[in-house]
Amino acid sequence: MPVAMTSGPTAGAYPRVYAVVRRIPRGRLATYGQIAALAGLPGRARQVGYALHALPSGTSVPWHRVVNTRGSISRRATFGDELLQRILLEGEGVRFDAGNRVALSRYRWCPRQGRLPRGKAR
DNA sequence: TTTATGGCTGTCA
DNA sequence: ATGACAGCCATAA
Numbered sequence: 019m020p021v022a023m024t025s026g027p028t029a030g031a032y033p034r035v036y037a038v039v040r041r042i043p044r045g046r047l048a049t050y051g052q053i054a055a056l057a058g059l060p061g062r063a064r065q066v067g068y069a070l071h072a073l074p075s076g077t078s079v080p081w082h083r084v085v086n087t088r089g090s091i092s093r094r095a096t097f098g099d100e101l102l103q104r105i106l107l108e109g110e111g112v113r114f115d116a117g118n119r120v121a122l123s124r125y126r127w128c129p130r131q132g133r134l135p136r137g138k139a140r
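Numbering (the working numbering), first residue to last: 19 to 140.
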């Protein structure tokens, strides 16, 4: 196991990211930026991507519930992975429209209603 | 050490 | 609606 950053503002960032992702209810979605903010890493959506990418297979973290701000699955190294994400989401009742996008305004996870501004979504 | 890249986001055309 | 640009900063080489 890596020593990890034992100091600094980013100390233990990965565990925090995982903790937040784990709280996403089934059938709900969150964006990288949203996760980053909730994990105390505002503006570091990329790191969230790295954290999720580092997850082992068979993890209990629902990484598939994290998508980009457009509501679409980011292009990954292989089609298999992004397809898997879609399959998993559909298995939770999330519908994709043409273009492989989901209605974020409809599925967005709101840990605290009004925490993040997103128009008049409900 | 430096450099390049990137599972993103927000703004502007 | 889509496409281009610029910030952001951790990770990999």
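Where a beta carbon is used, it is the ideal one built from N, C-alpha and C, also for glycine.
Predicted model only: the values in this text are computed from it and were never measured.
How many angstroms separate the CA atom of S78 from the CA atom of R104? Here residue 78 refers to the residue found at position 60 of the first sequence. Here residue 104 refers to the residue found at position 86 of the first sequence. Their Cα atoms are separated by approximately 17 Å.
Per-residue DSSP class, three states only, for V85: Against the first sequence, residue 85 aligns to sequence position 67. The answer is strand: DSSP assigns V85 an E or B state.
With 16 other Cβ atoms within 10 Å as the buried cut-off, status of Y68: In the first sequence, counting from the first residue as 1, residue 68 sits at position 50. Answer is exposed; the Cβ neighbour count stays below 16.
Can L107 and H82 be called in contact, C-beta distance under 8 Å? What you label residue 107 is simply residue 89 of the first sequence in a count that begins at 1. What you label residue 82 is simply residue 64 of the first sequence in a count that begins at 1. Yes, the pair counts as a contact, with Cβ atoms nearer than the cut-off.
Start-to-end residues for the alpha helix (DSSP H) that takes in P33: Along the first sequence, one-based indexing puts residue 33 at 15. Note, P33: alpha helix (DSSP H), 31 to 40.
Please return the same chain residues whose Cβ sits closer than 7 Å to the Cβ of N118, not counting the five positions on each side in sequence. Within the first sequence, the letter at position 100 stands for residue 118. The answer, listed in chain order, is S90, I91, R104.
Rank P74, Y32, L70 by C-alpha distance to the C-alpha of V85 and give the top, closest one. In the first sequence, counting from the first residue as 1, residue 85 sits at position 67. Among P74, Y32, L70, the Cα nearest to that of V85 is on L70.
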